[in-house]
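Q:
2 protein chains.
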Amino acid sequence: MSNISSNRIFINDVAVRDGFQIEPIFIPTEQKVSLINALSRTGLSKIEVTSFTSPQAIPALADAEEVMKEIERLPDVIYTALVPNMRGAHRALRCNADELNLVMSVSETHNLTNLRMQRSQSFDQLAEVIAFAKSSDVLLNVSLSCCFGCPMEGDVPMKEVLRWAERFIELGVDGITLCDTTGMAYPTQVRELCTAFRELWGNTELTLHFHNTRGMGLANVLAAIEAGVNRFDASLGGLGGCPYAPGATGNICTEDLVHMLSLMGLNTGVDLDALLMCARTLPSLVGHDIPGQTVKAGKVSDLHPPPAWFDEVAQRARVKALQP
Amino acid sequence: MSNISSNRIFINDVAVRDGFQIEPIFIPTEQKVSLINALSRTGLSKIEVTSFTSPQAIPALADAEEVMKEIERLPDVIYTALVPNMRGAHRALRCNADELNLVMSVSETHNLTNLRMQRSQSFDQLAEVIAFAKSSDVLLNVSLSCCFGCPMEGDVPMKEVLRWAERFIELGVDGITLCDTTGMAYPTQVRELCTAFRELWGNTELTLHFHNTRGMGLANVLAAIEAGVNRFDASLGGLGGCPYAPGATGNICTEDLVHMLSLMGLNTGVDLDALLMCARTLPSLVGHDIPGQTVKAGKVSDLHPPPAWFDEVAQRARVKALQP
Numbered sequence: 127m128s129n130i131s132s133n134r135i136f137i138n139d140v141a142v143r144d145g146f147q148i149e150p151i152f153i154p155t156e157q158k159v160s161l162i163n164a165l166s167r168t169g170l171s172k173i174e175v176t177s178f179t180s181p182q183a184i185p186a187l188a189d190a191e192e193v194m195k196e197i198e199r200l201p202d203v204i205y206t207a208l209v210p211n212m213r214g215a216h217r218a219l220r221c222n223a224d225e226l227n228l229v230m231s232v233s234e235t236h237n238l239t240n241l242r243m244q245r246s247q248s249f250d251q252l253a254e255v256i257a258f259a260k261s262s263d264v265l266l267n268v269s270l271s272c273c274f275g276c277p278m279e280g281d282v283p284m285k286e287v288l289r290w291a292e293r294f295i296e297l298g299v300d301g302i303t304l305c306d307t308t309g310m311a312y313p314t315q316v317r318e319l320c321t322a323f324r325e326l327w328g329n330t331e332l333t334l335h336f337h338n339t340r341g342m343g344l345a346n347v348l349a350a351i352e353a354g355v356n357r358f359d360a361s362l363g364g365l366g367g368c369p370y371a372p373g374a375t376g377n378i379c380t381e382d383l384v385h386m387l388s389l390m391g392l393n394t395g396v397d398l399d400a401l402l403m404c405a406r407t408l409p410s411l412v413g414h415d416i417p418g419q420t421v422k423a424g425k426v427s428d429l430h431p432p433p434a435w436f437d438e439v440a441q442r443a444r445v446k447a448l449q450p
Numbered sequence: 127m128s129n130i131s132s133n134r135i136f137i138n139d140v141a142v143r144d145g146f147q148i149e150p151i152f153i154p155t156e157q158k159v160s161l162i163n164a165l166s167r168t169g170l171s172k173i174e175v176t177s178f179t180s181p182q183a184i185p186a187l188a189d190a191e192e193v194m195k196e197i198e199r200l201p202d203v204i205y206t207a208l209v210p211n212m213r214g215a216h217r218a219l220r221c222n223a224d225e226l227n228l229v230m231s232v233s234e235t236h237n238l239t240n241l242r243m244q245r246s247q248s249f250d251q252l253a254e255v256i257a258f259a260k261s262s263d264v265l266l267n268v269s270l271s272c273c274f275g276c277p278m279e280g281d282v283p284m285k286e287v288l289r290w291a292e293r294f295i296e297l298g299v300d301g302i303t304l305c306d307t308t309g310m311a312y313p314t315q316v317r318e319l320c321t322a323f324r325e326l327w328g329n330t331e332l333t334l335h336f337h338n339t340r341g342m343g344l345a346n347v348l349a350a351i352e353a354g355v356n357r358f359d360a361s362l363g364g365l366g367g368c369p370y371a372p373g374a375t376g377n378i379c380t381e382d383l384v385h386m387l388s389l390m391g392l393n394t395g396v397d398l399d400a401l402l403m404c405a406r407t408l409p410s411l412v413g414h415d416i417p418g419q420t421v422k423a424g425k426v427s428d429l430h431p432p433p434a435w436f437d438e439v440a441q442r443a444r445v446k447a448l449q450p
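Residue numbers (our numbering), protein chains in the order written: chain C, 127 to 450; chain X, 127 to 450.
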């Protein structure tokens, strides 16, 4: 609002990675490919295509290579892939990923639980990947988990988050994503962290990754925008989840986000109707209802006719209004 | 955030009126009464107890008198009731309602559809009620529907909203509620309307009533707070709905709202744990799942233990870290 520095917002859809990885069923490769192709044509800035992790660890994304190779690549879309280590980096580069999205957590307990390493060990591994990848022209983004709190440790101090961001920025990465991995972020906190980050590193691409676990997803987006952030991760249909909150909703929903931003006069470059078409294909693809709300309620601009009896009621009211 | 003028936020829970009125089953009077009594003890500022409309029109609230008479009345809680006309006002005053909440729509089509009168006819009726009620010490609030858009007409000009508010303020009402009846509001619009209202009428109590139909509920609250608003309607469990959006969520959820505001350091006076206890009783009361998310995901402060294998993994990582 007052602090919106530009009206362009860049959106990275993570549904086929962050969403599909927790689905209990394996989405067939060709269906992943056609969804990604459809998403490419909506005008999204970036798509997180897959994850080059061990197929044993995440069987849902065991077809990472096939998906990367079979999708149509549009020139204006960045096709990124999650990469946890050097082995994943080699795989992603062989598939010509435009960007490697490297991950670690700023919470020691979460990093140990999720990646089975200390944070310093994760950092050293990723630093190697960065050094190696610097010889190619691949883009490098680092997603830091639990930047707004850890479900096991609780608060994560802001300076701890900034310290890990700084270490990666010093290695020359292109972007940092601050992730609210389990939906613990709240607006004043978001504003404070984003403001601090932007004051320190105005030239590093800063992306925010929110979950809507406790209903604050779009409020957090608003707070981030007010702090000058213009890049967001979001998930088609709101797919994704949080292992600590069964039954809770997952990532913020891409079409709900685009819908709100469009109403606010911000330019996402995304064709909302095309995006809604993609979202409508999800329930049959994943076999369950999806959290996204615009797909159920329609856009604000989708008007409804008055009820059939309207003219009669209106006429009766007019007659009554004329009576003394 | 920057514009927050005071840290006190007043919350009016409307679940037993706005929520229950669309439930297909009749909630037994004694269950309504015990829920209201429990809500009273959570520290809410106001509870919309019922609606003095025709029992034929809204059978779910046909027990308005019994409910009003049987509830325990705590001195710090305002017990308000929806009143559509003079007949409703008489009924509410006989039950000693603390406040009459008068309703009309700022959209002509919506007013005709919902109240079967022209807006000017509604205004004249409500003006009579106000003149009559002024002789008592009952508080008077006017809830204006469709202030952020009409599902049939579309945009409702801001000056139209302000014109109807002004007419009621000139009659000396205590408060105005700007209602986003079908969840069409978006943050920049909220900020603009709330700012305009507060600049015109700084001394009139201004309440905002949002629905979460398209996921923007708490983002709109944030925008309103930034414009200096400190009163909100919300519904326990997020009960309520929108006839134009079947399957979509209803009013913003009281416990999700209190949860967010508490994290932001704002004081709602509400005991969140007590409120969550109330929310947990709803699914069995109404016979279906509720949209509220904090009740499912837990509060941000509800931490989780690491998995059982954590110590082993941590130890293995420590050993590896010591290796050269």
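Think of the CB as a built atom: it goes at the ideal place given N, C-alpha and C, for glycine as much as any other residue.
Just so you know, these numbers come straight off a predicted model, no measurement behind them.
From the DSSP output, read off the bridge partner residues of X/Y205.
A: DSSP lists X/I173 as partners of X/Y205.
Q: Counting only Cβ-Cβ distances shorter than 8 Å, please list the residues of the region 239-253 of chain X near chain B, keeping chain order.
A: Absent from the structure: chain B. Protein chains present are C and X.
Q: Hey, quick one: how far does the alpha helix (DSSP H) through C/E225 stretch, first residue to last?
A: Per DSSP, C/E225 belongs to no alpha helix (DSSP H); it is in the beta strand (DSSP E), E225 to S231.
Q: Could you tell me which residues DSSP puts in a beta bridge with C/G301?
A: Answer by DSSP bridge pairing, in chain order: C/N267 and C/E331.
Q: Spatial neighbours of C/I295 within its chain, please: C-beta separation below 6 Å, excluding the five flanking residues on both sides.
A: For C/I295, where only same-chain residues beyond five positions count, the Cβ hits under 6 Å are W327 and T330.
Q: Residues in the same chain with beta-carbon distance under 7 Å from C/L387, minus the five sequence neighbours each way, listed in chain order, please.
A: Taken in chain order, the residues that qualify are I135 and T394.
Q: Quick one: grab the DSSP three-state call for X/S180.
A: Coil, per DSSP.
Q: Could you spell out where the beta strand (DSSP E) holding X/D139 opens and where it closes?
A: Where X/D139 is concerned, the enclosing beta strand (DSSP E) stretches over F136 to D139.
Q: Could you tell me which chain X residues have their CB closer than 8 Å to the CB of C/T420, listed as they occur along the chain?
A: R340 and G341, listed in chain order.
Q: What three-state label does DSSP hand C/A360 in the structure shown?
A: Correct three-state label for C/A360: strand.
Q: Along the alpha helix (DSSP H) that carries C/K422, what are the first and last residues, could you check?
A: First-last of the alpha helix (DSSP H) with C/K422: T420 to A423.
Q: Run down chain X in chain order and give the residues with a C-beta less than 8 Å from the C-beta of C/A345.
A: Residues of chain X passing the Cβ test: L344, A345, V347, L348 and M386.
Q: Per DSSP, X/G280 is paired with what?
A: Beta-bridge pairing links X/G280 to X/C276.
Q: Considering only DSSP beta bridges, list what C/C337 is partnered with.
A: It is His, not Cys, that sits at residue 337 of chain C in the sequence shown. In the DSSP output, where bridge partners are listed per residue, C/H337 has C/N377.
Q: With 7 Å as the threshold, decide whether the Cβ of X/L170 is near any Cβ in chain C.
A: No, X/L170 does not count as interfacial toward chain C.
Q: Starting from the beta carbon of C/D382, find every residue of chain X whose beta carbon is closer than 7 Å, and list them in chain order.
A: Per Cβ cutoff of 7 Å: R340 and G341.
Q: Cα separation between C/S246 and X/V142?
A: Near 53 Å, if we compare the C-alpha coordinates of X/V142 and C/S246.
Q: If you compare alpha carbons, which of X/G413, X/Y312, X/R357 and X/S231 is closest to C/L383?
A: The residue with the shortest Cα to Cα distance from C/L383 is X/Y312.
Q: Pull out every residue of the region 427-449 of chain C whose Cβ sits closer than 8 Å to any Cβ of chain X, in chain order.
A: Of all residues in the region 427-449 of chain C, S427, L429, H430, P431, P432, P433, F436, V439, A440, R442, A443, R444, K446 and A447 have a Cβ within less than 8 Å of some Cβ in chain X.
Q: Counting C-beta neighbours from all protein chains within 10 Å, is the total for C/H414 16 or more, i.e. buried, or is it exposed?
A: Exposed, since its Cβ has fewer than 16 Cβ neighbours within 10 Å.
Q: In the DSSP output, what is C/N237 paired with across the bridge?
A: C/N237 is not bridged to any residue.
Q: Using CA atoms only, rank isn't needed, just tell me which of X/V140, X/N138 and X/P150 is closest to X/V412.
A: The candidate whose alpha carbon is nearest that of X/V412 is X/P150.
Q: Put C/N393 into one of helix, strand or coil per three-state DSSP.
A: Strand at C/N393.
Q: With a cut-off of 8 Å on the beta carbons, I'd call X/I184 and X/Q147 a contact; round off their distance for me.
A: With a Cβ gap of about 5 Å, X/I184 and X/Q147 count as contacting.
Q: Check this for me: beta carbons of X/C221 and X/K195, under 7 Å apart or not?
A: Going by C-beta atoms, X/C221 is nearer than 7 Å to X/K195.
Q: Do the CB positions of C/D139 and C/L170 come within less than 7 Å of each other?
A: Yes, these two residues count as a Cβ contact at 7 Å.
Q: So X/M278 contacts chain C; which residues on that side make the cut at Cβ distance below 8 Å?
A: In chain order: L429, H430, P431 and P432.
Q: Can you list, in chain order, the residues of its chain with a C-beta nearer than 8 Å to that of X/Q244? Leave out the 5 residues immediately preceding and following it.
A: Only E234, N237 and L238 meet the Cβ criterion.
Q: Let me make sure I understand the geometry here. Which of C/N211, C/E352, C/T179 and C/S361 has the alpha-carbon closest to that of C/T380?
A: When each option's Cα is compared against that of C/T380, the closest is C/S361.
Q: Can you give me the Cβ contacts of X/L448 inside the same chain, cut-off strictly under 6 Å, excluding the 5 residues immediately before and after it?
A: Same-chain partners within the cutoff: there are none.
Q: Once the 5 residues before and after C/L348 are set aside, which same chain residues still bring their CB inside 6 Å of it?
A: Contacts found: none.
Q: Once the 5 residues before and after X/T206 are set aside, which same chain residues still bring their CB inside 8 Å of it?
A: If we look at X/T206 and ignore the five residues flanking it on each side, its Cβ neighbours are N138, K172, I173, E174, V175, A223, D224, E225, L226, N227, L265 and N267.
Q: Quick check: is the beta carbon of C/A423 nearer than 7 Å to any beta carbon in chain X?
A: So yes, C/A423 belongs to the interface.
Q: Could you tell me if X/N133 is buried or exposed, where buried requires 16 or more neighbouring beta carbons within 10 angstroms of its beta carbon?
A: The residue is exposed, with fewer than 16 neighbouring Cβ atoms inside 10 Å.
Q: What three-state label does DSSP hand C/R199 in the structure shown?
A: Coil.
Q: Look up C/S131 in the DSSP assignment and say whether it is helix, strand or coil.
A: Annotation note: pLDDT 49 at C/S131 (below 50); position unreliable, coordinate value reported separately. C/S131 falls in the coil class under three-state DSSP.
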